[in-house]
Amino acid sequence: MGAALLALGQMLGGCASSHIADAPLVGLPANTPARPAVAPDYVPVNDTPPPRADTPLTPEQRAQLTRDLTAARERQQGVKTRASNPPAN
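According to my numbering, the sequence shown is numbered sequentially starting from 70.
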């Protein structure tokens, strides 16, 4: 009996929760914007994006980029080391 009442409560609760804001005693807050007259379309989840116009980096470009980033990191570490260890006068 208890399980049947629990199941009935869950079914009724699920139906009522979606329309609780429309109830006359509850209503919406005063600063709530008006609902659109027409419901918006769903996001097209099955549409795939167009192919990219950019091409992947070549191995030479990747190697150059790695060298540039490594050099920038080493420069920053050198600045950080000098800032944390000021020269003694």
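Beta carbons: idealized from backbone N, C-alpha and C, even for Gly.
- Look at Leu-138 here: in three-state DSSP terms it is helix.
- Secondary structure of Gly-147 (DSSP, three-state): helix.
- Note that the C-beta distance between Leu-126 and Leu-134 is below 8 Å.
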